[in-house]
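Novice: Residue numbers (my numbering): 96 to 622. I have a structure here, written as structure tokens, and I will follow up with some questions on it.
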Ligand SMILES: [Ca+2]
């Protein structure tokens with residue numbers, strides 16, 4: 096055989112391999128919503144109507160313990176890079192590659208819609224198509240100056256613009272273009288909804304659906320969600336529900352005016368989640384019409400627990416008025432985070448636990464509708480994508496001081512197997528810290544004294560065992576400091592030893608009760 100013939104056979108072989116890969120490798124959609132608590136989807140205990148997402152759970156699997164970083168930007172870093180946020184260089188991503196960069200190199204079409212919240216733009220970091228806002232939060236009806244379409248400034252907001260809808264309109268437009276241009280190419284789509292992050296901007300029709308739902312108040316709603324979680328087998332029944340935060344009043348003690356205001360805020364929040372579900376339904380319909388549904392892995396999660404910070408202004412304006420700026424507070428965020436303690440930013444369960452639903456008709460072999468207790472983390476997405484794309488984590492990357500991958504593939508869990516757990520999981524936001532190893536978790540709220548929990552028996556962190564097991568605290572906290580220094584390059588206050596202070600209480604507005612700078616609630620207008 097001459098050289099020409101050898102070359103021809105080689106080319107033919109490559110074409111065949113790529114065609115076979117294109118036919119078998121799944122499309123992957125990661126959807127991350129913003130500031131949605133563990134119990135806010137129907138399939139995680141909520142009364143909010145999320146039938147499309149619930150259907151994905153019914154035919155797919157749910158994770159009982161899927162961890163985020165308790166904060167917007169750091170969760171985006173971990174999702175995209177498979178690294179801990181500090182390790183990856185935080186928002187700069189100068190020590191990590193993105194899933195989009197790796198998947199593009201592996202032959203995937205890559206696209207993103209929604210909130211970026213990191214340095215540069217998605218189109219600088221491996222996404223071939225992008226629509227959305229670079230900002231951490233936007234006006235849902237009027238947008239902001241950071242909107243981009245494929246790297247160019249975009250401001251074509253019509254009268255009926257609504258960010259959640261626009262995200263999915265562009266997602267389906269991008270998918271349609273890709274399927275037309277390269278029908279054999281698998282795709283990776285990252286949807287980063289800003290909803291239900293404040294301002295609680297909601298379409299009136301979605302708000303109206305929740306008339307009469309919240310009058311019973313937060314105490315009753317917490318019980319109802321917790322019971323539903325136990326009944327559906329989501330959590331063990333011996334995990335006690337966290338009690339109502341000390342600085343949140345009993346619902347029955349509120350005046351009628353206070354109740355009416357809080358009912359309206361929760362209706363606005365619920366309507367925003369409802370809208371996420373409606374658009375998810377449209378996306379599913381689109382995938383089915385394109386015959387892409389069966390071999391598309393869809394994974395849905397939240398970037399952090401429900402948010403207690405009350406920064407409401409213009410509370411006298413309706414939440415479908417773009418001039419309004421409503422937030423709810425701890426009164427409802429502790430419902431969102433049922434059954435866990437504390438909130439967004441805290442490294443306790445209420446901050447770092449996210450729902451996670453995975454659906455993939457061709458690939459998930461675990462029992463449909465089942466709940467896995469296997470612990471997982473946002474850092475696992477990169478490893479999962481690489482595994483399913485049949486590629487490898489790069490050894491180096493131009494312009495990046497690349498760190499080694501931390502996550503582990505979720506594929507064995509999808510296949511109904513038990514995977515080897517992470518050696519440890521590291522958590523930090525500001526001076527809130529935690530470390531999980533085996534059955535144990537140490538956690539501190541604002542560098543107050545370490546707490547210790549057996550999170551298998553006591554998944555809701557109700558029984559602090561630090562005084563009984565000081566040696567365990569010592570071992571785990573030593574490991575936390577080692578990882579903070581070596582892996583996270585943390586110094587100063589971020590890595591200092593904890594104090595012996597007791598954890599601070601949070602006001603209803605979400606700020607610590609002993610904090611001088613009360614930015615929430617005070618002087619804010621309320622209707
Ligand atoms: Ca968030």
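C-beta: ideal position from N, C-alpha, C; glycine also.
At a threshold of 6 Å, does residue 135 count as lining ligand 1 (C-beta to nearest heavy atom)?
Specialist: Within the chain shown, residue 135 is the residue found at index 40, counting from 1. Not under cutoff, so the answer is no.
Novice: Just to confirm, does residue 255 get its C-beta within under 6 Å of one of the non-hydrogen atoms of ligand 1?
Specialist: Working through the chain shown from its first residue, we reach residue 255 at position 160. Checking the Cβ of residue 255 against ligand 1 gives no.
Novice: So, with DSSP's three-state summary, where would you put residue 340?
Specialist: Residue mapping note: residue 340 aligns to position 245 of the chain shown, counting from 1. Here residue 340 sits in coil by DSSP.
Novice: Suppose only complete runs of 3+ residues qualify. What are the beta strand (DSSP E) ranges in the stretch 132 to 166, listed by chain order?
Specialist: Those beta strand (DSSP E) runs which fall completely within the stretch 132 to 166 and span 3+ residues are 156 to 158.
Novice: Assuming residue 546 is part of the beta strand (DSSP E), what are its boundary residues?
Specialist: Reading the chain shown from its first residue, position 451 is the one you call residue 546. 546 to 549 is the extent of the beta strand (DSSP E) around residue 546.
Novice: Relative to the C-alpha of residue 143, which residue among 382, 542, 461 and 301 is closest?
Specialist: The residue labelled residue 143 in the question sits at position 48 within the chain shown. Minimum Cα distance to residue 143 is reached at 301.
Novice: List the residues that DSSP assigns as beta-bridge partners of residue 50.
Specialist: It is not possible to answer for residue 50, since the shown part of the chain is limited to 96 through 622.
Novice: Quick check on the burial criterion: 16 or more other C-beta atoms within 10 angstroms. Buried or exposed for residue 307?
Specialist: Working through the chain shown from its first residue, we reach residue 307 at position 212. Residue 307 should be labelled exposed.
Novice: I need the straight-line Cα distance from residue 587 to residue 576, nearest angstrom please.
Specialist: Here residue 587 refers to the residue found at position 492 of the chain shown. Here residue 576 refers to the residue found at position 481 of the chain shown. Spanning the two alpha carbons is a distance of roughly 12 Å.
Novice: Tell me where the alpha helix (DSSP H) around residue 370 begins and ends.
Specialist: Stepping through the chain shown from its first residue, residue 370 is reached at position 275. Taken as a continuous stretch (DSSP letters only), the alpha helix (DSSP H) holding residue 370 covers 351 to 384.
Novice: Determine whether the beta carbon atoms of residue 226 and residue 265 lie at a separation below 7 Å.
Specialist: For the purposes of this step, residue 226 is identified with residue 131 of the chain shown, where counting begins at 1. For the purposes of this step, residue 265 is identified with residue 170 of the chain shown, where counting begins at 1. Yes; because the gap between Cβ atoms is below 7 Å, this pair is in contact.
Novice: So residue 520 and residue 162 are supposed to be a Cβ contact under 8 Å. How far apart are they, rounded?
Specialist: The residue labelled residue 520 in the question sits at position 425 within the chain shown. The residue labelled residue 162 in the question sits at position 67 within the chain shown. Confirmed, Cβ separation roughly 6 Å.
Novice: Is the CB-CB distance between residue 121 and residue 458 below 7 Å?
Specialist: Within the chain shown, numbered from 1, the residue matching residue 121 stands at position 26. Within the chain shown, numbered from 1, the residue matching residue 458 stands at position 363. Contact flag set, yes.
Novice: The beta strand (DSSP E) that contains residue 122, what's its start and end?
Specialist: On the chain shown, residue 122 is found 27 positions in, with the first residue counted as 1. Run containing residue 122: 122 to 128, per the beta strand (DSSP E) assignment.
Novice: Is there contact here, the stretch 228 to 238 with the stretch 512 to 519, by at least three beta-carbon pairs under 8 Å?
Specialist: Cβ pair count under 8 Å is below three, so no.
Novice: My output table needs one value for residue 623: the three-state DSSP class, helix, strand or coil.
Specialist: This structure cannot settle anything about residue 623, because the visible part of the chain is limited to 96 through 622.
Novice: Once DSSP output is grouped into helix, strand and coil, what is the label at residue 274?
Specialist: Here residue 274 refers to the residue found at position 179 of the chain shown. If DSSP states are grouped into helix, strand and coil, residue 274 belongs with the helices.
Novice: Looking at ligand 1, does it come within less than 6 Å of residue 398, judged from the CB to the closest heavy atom?
Specialist: By one-based count along the chain shown, residue 398 stands at place 303. Indeed, a heavy atom of ligand 1 lies less than 6 Å from the Cβ.
Novice: Going by other Cβ atoms of all chains shown within 10 Å of its Cβ, with 16 needed for buried, is residue 392 buried or exposed?
Specialist: For the purposes of this step, residue 392 is identified with residue 297 of the chain shown, where counting begins at 1. Burial call: buried.
Novice: Nearest by alpha-carbon distance to residue 382: which of 273, 183, 362 and 487 is it?
Specialist: To locate residue 382, count along the chain shown from 1; it is residue 287. Here the closest residue by C-alpha is 273.
Novice: Going by other Cβ atoms of all chains shown within 10 Å of its Cβ, with 16 needed for buried, is residue 311 buried or exposed?
Specialist: Taking the chain shown and counting its residues from 1, the one referred to as residue 311 is at position 216. Label assigned to residue 311: exposed.
Novice: Pull up the distance between the alpha-carbon of residue 280 and that of residue 484, whole angstroms please.
Specialist: Taking the chain shown and counting its residues from 1, one reaches residue 280 at position 185. Taking the chain shown and counting its residues from 1, one reaches residue 484 at position 389. Those two C-alpha atoms are separated by around 11 Å.
Novice: Where does the unbroken alpha helix (DSSP H) through residue 429 begin, and where does it stop?
Specialist: If you number the chain shown from 1, residue 429 lands on position 334. Counting along the chain, the alpha helix (DSSP H) containing residue 429 begins and ends at 425 to 431.
Novice: Tell me the rounded alpha-carbon separation between residue 481 and residue 155.
Specialist: Taking the first residue of the chain shown as 1, we reach residue 481 at position 386. Taking the first residue of the chain shown as 1, we reach residue 155 at position 60. In a straight line, the C-alpha of residue 481 is about 21 Å away from that of residue 155.
Novice: Leaving out five residues on either side along the sequence, give the residues of the same chain with a beta carbon under 8 Å from the beta carbon of residue 429.
Specialist: The sequence position of residue 429 within the chain shown is 334, counting from 1. Closer than 8 Å at the Cβ level, and outside the excluded window around residue 429, lie 313, 317, 337, 339, 340, 343, 401, 403, 438 and 445.
Novice: So residue 481 is in the alpha helix (DSSP H); what residue range does that whole segment cover?
Specialist: Along the chain shown, one-based indexing puts residue 481 at 386. Note, residue 481: alpha helix (DSSP H), 475 to 484.
Novice: Which residue or residues does DSSP assign as beta-bridge partners of residue 394?
Specialist: As a position in the chain shown, residue 394 is number 299, starting the count at 1. Paired residue(s): 125 and 453.
Novice: DSSP state of residue 190, grouped into three classes?
Specialist: Position 95 of the chain shown holds residue 190. Note: residue 190 maps to coil in three-state DSSP.
Novice: Beta-carbon separation of residue 409 and residue 420 under 7 Å?
Specialist: By 1-based counting over the chain shown, the position of residue 409 is 314. By 1-based counting over the chain shown, the position of residue 420 is 325. Going by C-beta atoms, residue 409 is nearer than 7 Å to residue 420.
Novice: Is the CB of residue 171 under 7 Å away from at least one CB in chain D?
Specialist: In the structure shown, chain D does not exist; there is a single protein chain.
Novice: Suppose you measure from the CA of residue 216 to the CA of residue 565; what does that come to, to the nearest Å?
Specialist: Counting from one through the chain shown, the residue named residue 216 turns up at place 121. Counting from one through the chain shown, the residue named residue 565 turns up at place 470. The straight-line gap from Cα to Cα measures roughly 46 Å.
Novice: For the beta strand (DSSP E) holding residue 467, just list the boundary residues, first then last.
Specialist: Here residue 467 is taken as the residue at index 372 of the chain shown, counted from 1. Where residue 467 is concerned, the enclosing beta strand (DSSP E) stretches over 465 to 467.
Novice: For residue 348, which of 288, 249 and 426 has the nearest alpha-carbon?
Specialist: For the purposes of this step, residue 348 is identified with residue 253 of the chain shown, where counting begins at 1. Answer by Cα proximity: 426.
Novice: Anyone know if the C-beta pair for residue 545 and residue 568 falls short of 7 Å?
Specialist: Along the chain shown, one-based indexing puts residue 545 at 450. Along the chain shown, one-based indexing puts residue 568 at 473. Yes, the Cβ-Cβ distance between residue 545 and residue 568 is below 7 Å.
Novice: Assuming residue 442 and residue 183 form a contact by the criterion Cβ under 8 Å, report the distance between their Cβ atoms to the nearest whole angstrom.
Specialist: Position 347 of the chain shown, counted from the first residue, corresponds to residue 442. Position 88 of the chain shown, counted from the first residue, corresponds to residue 183. Residue 442 to residue 183, Cβ: 18 Å. No contact.
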